[in-house]
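Colleague:
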Amino acid sequence: MERRRKVEVFTAGCPVCQGVVDMVKELACPHCELIFYNLNNNEGVEQAKSYGVAAVPSVAINGALLECCKHKPITREDLQAAGLGKSL
395 MERRRKVEVF TAGCPVCQGV VDMVKELACP HCELIFYNLN NNEGVEQAKS
445 YGVAAVPSVA INGALLECCK HKPITREDLQ AAGLGKSL
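Each residue of the sequence shown is one higher than the one before, counting from 395 in the working numbering.
1. Less than 7 Å between C-beta atoms, sequence neighbours within five positions excluded: which residues of the same chain meet that for Gln-474?
2. For Thr-405, count neighbouring Cβ atoms within 10 angstroms of its own Cβ and tell me buried if that reaches 16, exposed if not.
3. By how many angstroms is the C-alpha of Glu-440 removed from the C-alpha of Asp-416?
4. Under a three-way DSSP split, which group does Arg-470 fall into?
5. Taking a contact to mean a Cβ-Cβ separation below 8 Å, would you say Val-401 touches Val-453 in this structure?
6. For Asn-434 and Arg-470, what's the separation of their Cα atoms in angstroms?
7. Pick out whichever of Leu-459, Gln-412 and Ile-455 has its Cα sitting closest to the Cα of Lys-480.
8. For Asn-432, write down the residues that DSSP places opposite it in a beta bridge.
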């Protein structure tokens with residue numbers, strides 16, 4: 395069975411969130427399973443709570459909220475440092 399990197403993106407459907415969505419899509423590799431939640435539509439609310447999402451946009455990879463999501467805007471470098479776009 396092929397290993398996958400589970401990437402969950404929590405948004406509110408805003409322009410700032412869309413920029414992160416676009417970055418994630420651009421950086422994702424074939425091993426990435428992308429899941430996008432719009433919290434304004436009550437999508438992924440329980441997952442967001444379990445990860446401690448306090449602001450949007452936020453990204454979790456393999457069940458862990460990225461550290462950058464806890465205190466600053468998400469950058470391309472943050473996503474790449476978390477493994478997004480790298481082979482497994």
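Where a beta carbon is used, it is the ideal one built from N, C-alpha and C, also for glycine.
Modeller: According to the data block:
1. Leu-421
2. buried
3. 24 Å
4. helix
5. yes
6. 24 Å
7. Ile-455
8. Thr-405
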